[in-house]
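Sequences listed follow chains A, B, C and D, in order. Residue numbers for the first sequence follow this note's numbering, beginning at 1 and rising by one. Residue numbers for the second sequence follow this note's numbering, beginning at 1001 and rising by one. Residue numbers for the third sequence follow this note's numbering, beginning at 2001 and rising by one. Residue numbers for the fourth sequence follow this note's numbering, beginning at 3001 and rising by one. Backbone N, C-alpha and C fix where the C-beta goes; we use that ideal spot for every residue, glycine too. Small disclaimer: the values here were computed from a predicted structure and weren't measured.
4 protein chains.
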Amino acid sequence: MSETLPRSGKLSGGAHLLPIRVYYEDTDAAGLVYYVNYLKFAERGRTEMLRVMGFEQERMRQELGFFFVVRQCTVDYRAAARLDDDLLVMTRLVDAGAATLDVIQEVRRRDAVLAALTFRIAGVGRDGRPSRLPAELRTAIQTLTAAAIPQSPSLSPQNG
Amino acid sequence: MSETLPRSGKLSGGAHLLPIRVYYEDTDAAGLVYYVNYLKFAERGRTEMLRVMGFEQERMRQELGFFFVVRQCTVDYRAAARLDDDLLVMTRLVDAGAATLDVIQEVRRRDAVLAALTFRIAGVGRDGRPSRLPAELRTAIQTLTAAAIPQSPSLSPQNG
Amino acid sequence: MSETLPRSGKLSGGAHLLPIRVYYEDTDAAGLVYYVNYLKFAERGRTEMLRVMGFEQERMRQELGFFFVVRQCTVDYRAAARLDDDLLVMTRLVDAGAATLDVIQEVRRRDAVLAALTFRIAGVGRDGRPSRLPAELRTAIQTLTAAAIPQSPSLSPQNG
Amino acid sequence: MSETLPRSGKLSGGAHLLPIRVYYEDTDAAGLVYYVNYLKFAERGRTEMLRVMGFEQERMRQELGFFFVVRQCTVDYRAAARLDDDLLVMTRLVDAGAATLDVIQEVRRRDAVLAALTFRIAGVGRDGRPSRLPAELRTAIQTLTAAAIPQSPSLSPQNG
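In structure tokens:
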């Protein structure tokens, strides 16, 4: 399924979908994906969502002195991924403040949600202090969330 | 300060304290500790707490077919650690069910709490299904939590 | 360039080419890709080469009790990759013994070779002892190396 | 054995010895330490050797604009480490040029050498170009290598 997605994933119904392959580096001695690495998968999803929207983080840092830091996250682990699994990371922006983003994400294997994650992300300037999101980014986010189809891809409880 | 602690840390007032040094492998291009790696530090803390209590995870897995998986976690990031920092991971068991453990942890640099984490951990058997904690472990946990001094090391809000 | 490659890369002239994107998780406080992570990139390249040839490692482990371990590696670091870089991992099998594979790899950014790596890989059975490569795999390797075009993709010195 | 070493290890006979504990984060689905992570262990060893000699890398970077990069490495994997293993990283400087260091290292479990590594490290300045080692560091290295006892800790072939 995910084999047909481009490497940076794609936007669909206001959410972003990124395919991710599980390698040895992602697993641990329990034979499963090391639980910490779901956060790496989630960050790849957020990064590619921004890239598809036209915002590369390294360029933003160099040109605007702007970058993102994670302020809070929660992870709900429901099932385990394994070596060679072909996963899908779903990323949805649910709210954008002046200097923060709220994001919900899922790591999926076919129809199963393996992990559900929420992140509060904050914009930071060269001095490490909170910084408003660049105007172009805020506009792009508003366009995206306005286009979002709330029920698909679903985050409803029956997915768990 | 933490230089005087043994490598596996020590129990103090019902909590466990583990010193951790920040290496290049822990940092990212923002010049700080990559936020995902605080979860690695936290797991080292939980692992060493169990070791100091007499429970090595690999031995439990081999002898009892028992191991732990993380079901939920939350992380509140308050300040950033840097290369060469000498950190302290505080781990406290706050509740033990038949097959689960609730743990609160802090990653600290001197008096500052850099990250506050909570974990719900579940016992799992060889078949991957929920498993009751071994009786000796439950007894050890009860002894430890009974000895806990609630206010020290503190997790009160003014630490934030 | 690499955007047009499929996610598992492709075989070309007897070598395999895999596109890899650099994320924050790959970088360190020097602002560059942490040098250890080039070995992770290389393993993704070897894994995808085997997958494109029809050999998934997890399936080989489950069905045949066969897996690979690295016996030796050398890395020559020539230039550094950065956040958001779009890299290409070139993988070429140069020799296959009864129970070993010799592999040369390059991590490239456009025409520049950032790192040149060599690996000796050994087959291992369920008991952890050396194991001959499965016959189908040896046949596939012979077919591939017979088709190899020695000079392209080039590993000649002027690439450095 | 290594439990009695200080957390930053110690110099002994011109070599540095650092104890390292294996955690879940270090392992992979084969149930062993992921082979890439021996390079992380080795870097911790080099970092702590420099620290014990009085040279913290982050301070050198800030005060002198000087840092180290790895130019070449080789790894010979001989046996595998497992979860909860208590390892020892032996680090020995074998040569120091104007702007480079040659280092040999071993990752050991009791008397067994699990991995033997060699590194060529180069000094780099703020501009990323080669930089001579700071004079104090060269002096410290000369003092150390002059004090080295060649045969202990041994790197002789019979260790393999």
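> Between the C-alpha atoms of Gly1164 of chain B and Thr1139 of chain B, what's the straight-line distance to the nearest angstrom?
Replying inline: Nothing about residue 1164 of chain B can be read from this structure; chain B reaches only from 1001 to 1160.
> If you run the structure through DSSP and keep just helix, strand and coil, what is Ser2154 of chain C?
Replying inline: With a pLDDT of only 44 at Ser2154 of chain C, under the threshold of 50, the placement of this residue in the model should not be trusted; the figure read from the coordinates follows. DSSP places Ser2154 of chain C in coil when its eight states are reduced to three.
> Beta carbon of Leu3039 of chain D, beta carbon of Leu2137 of chain C: below 8 Å?
Replying inline: no
>> Once DSSP output is grouped into helix, strand and coil, what is the label at Ala1140 of chain B?
In response: helix
> What residues from chain A crowd round Arg2044 of chain C, counting only those whose CB sits closer than 7 Å?
Replying inline: Tyr23
>> At a CB distance below 8 Å, what residues from the region 2068 to 2080 of chain C approach chain F? Give them in sequence order.
In response: As a matter of chain content, chain F is missing from the structure shown, whose protein chains are A, B, C and D.
>> So with CB distances below 8 Å, who are the chain C contacts of Asp1028 of chain B?
In response: Tyr2024, Glu2025, Thr2027, Asp2028 and Ala2029
> Taking 8 Å as the CB-CB limit, is Tyr38 of chain A close to chain D?
Replying inline: no
> What number of angstroms, rounded off, separates the C-alpha of Ala2116 of chain C from the C-alpha of Asp2085 of chain C?
Replying inline: 17 Å
> Whose Cβ in chain B lies nearer than 9 Å to the Cβ of Asp3084 of chain D?
Replying inline: Thr1047, Arg1051, Glu1056, Gln1057, Glu1058 and Arg1059
>> If I measure Cβ to Cβ from Arg2092 of chain C and keep anything under 6 Å in the same chain, skipping five residues before and after, which residues do I get?
In response: Ala2015 and Ile2104
> Given that Pro3130 of chain D touches chain B, what residues does it touch there, using C-beta distances under 8 Å?
Replying inline: Under the 8 Å cutoff, chain B gives no residues; its nearest Cβ is about 19 Å from Pro3130 of chain D.
> Hey, quick one: how far does the alpha helix (DSSP H) through Asn3077 of chain D stretch, first residue to last?
Replying inline: In the sequence as presented, Asn is not what sits at residue 3077 of chain D; that position holds Tyr. Looking at the DSSP string, Tyr3077 of chain D is not in any alpha helix (DSSP H); the run it does join, the beta strand (DSSP E), is Phe3067 to Tyr3077.
>> Whether or not the region 1052 to 1059 of chain B and the region 1115 to 1132 of chain B are in contact is what I'm after, with contact meaning three or more pairs of Cβ atoms, one per stretch, closer than 8 Å; do they touch?
In response: no
>> At the level of alpha carbons, what is the spacing between Phe3068 of chain D and Ala1147 of chain B?
In response: 47 Å
> Just the Cα atoms here: how many angstroms apart are Gly9 of chain A and Met49 of chain A?
Replying inline: 8 Å
> Are there 16 or more other CB atoms within 10 angstroms of the CB of Ala3135 of chain D, so buried, or fewer, so exposed?
Replying inline: exposed
> Can you name the residues of chain A whose CB is closer than 8 Å to the CB of Arg2108 of chain C?
Replying inline: What Arg2108 of chain C touches in chain A: nothing, since even the nearest Cβ is about 16 Å away.
> Excluding five sequence neighbours on each side, which residues of the same chain lie with their C-beta closer than 6 Å to the C-beta of Asp2095 of chain C?
Replying inline: Asp2102
> Candidates D:Asp3111, D:Arg3108 and D:Thr3100: which alpha carbon is nearest Phe3066 of chain D's?
Replying inline: D:Thr3100
> Does the beta-carbon distance from Val2075 of chain C to Gln3057 of chain D come in below 8 Å?
Replying inline: no
> Nearest chain D C-beta to Pro1134 of chain B closer than 8 Å, yes or no?
Replying inline: no
> What in chain D is Cβ-close to Arg1126 of chain B, meaning under 8 Å?
Replying inline: Going along chain D, no residue has its Cβ under 8 Å from Arg1126 of chain B, so there is no contact; the nearest lies around 14 Å.
> Nearest chain A C-beta to Arg2120 of chain C closer than 8 Å, yes or no?
Replying inline: no
>> Measuring straight from C-alpha to C-alpha, what distance separates Gln3062 of chain D and Thr1027 of chain B?
In response: 16 Å
> Sorted by chain position, which residues of the same chain lie with C-beta nearer than 8 Å to Arg2082 of chain C's C-beta, five sequence neighbours on each side aside?
Replying inline: Val2022, Thr2027, Gly2031, Leu2032 and Val2033
> How about Arg2078 of chain C and Val2036 of chain C: are their beta carbons less than 8 Å apart?
Replying inline: no
> Tell me the DSSP bridge mates of Arg120 of chain A?
Replying inline: A:Gln72 and A:Asp102
> Measuring CB to CB, does Leu1087 of chain B end up less than 8 Å from Phe1119 of chain B?
Replying inline: no
> What are the boundary residues of the alpha helix (DSSP H) that Arg1132 of chain B is part of?
Replying inline: Arg1132 of chain B -> no alpha helix (DSSP H), and no H or E assigned at all.
>> In the DSSP output, what is Ala1029 of chain B paired with across the bridge?
In response: Ala1029 of chain B is not bridged to any residue.
> Do you know offhand how far Val107 of chain A's Cα is from Glu2025 of chain C's?
Replying inline: 17 Å
>> With distance defined between alpha-carbon atoms, name the residue in D:Thr3145, D:Leu3133 and D:Leu3018 nearest to Met3060 of chain D.
In response: D:Leu3133
> For the alpha helix (DSSP H) that contains Val1052 of chain B, what are its first and last residues?
Replying inline: Asn1037 to Val1052
> Apart from the five residues on each side of it in sequence, which residues of its chain come closer than 8 Å, Cβ to Cβ, to Ala1098 of chain B?
Replying inline: Arg1132 and Leu1133
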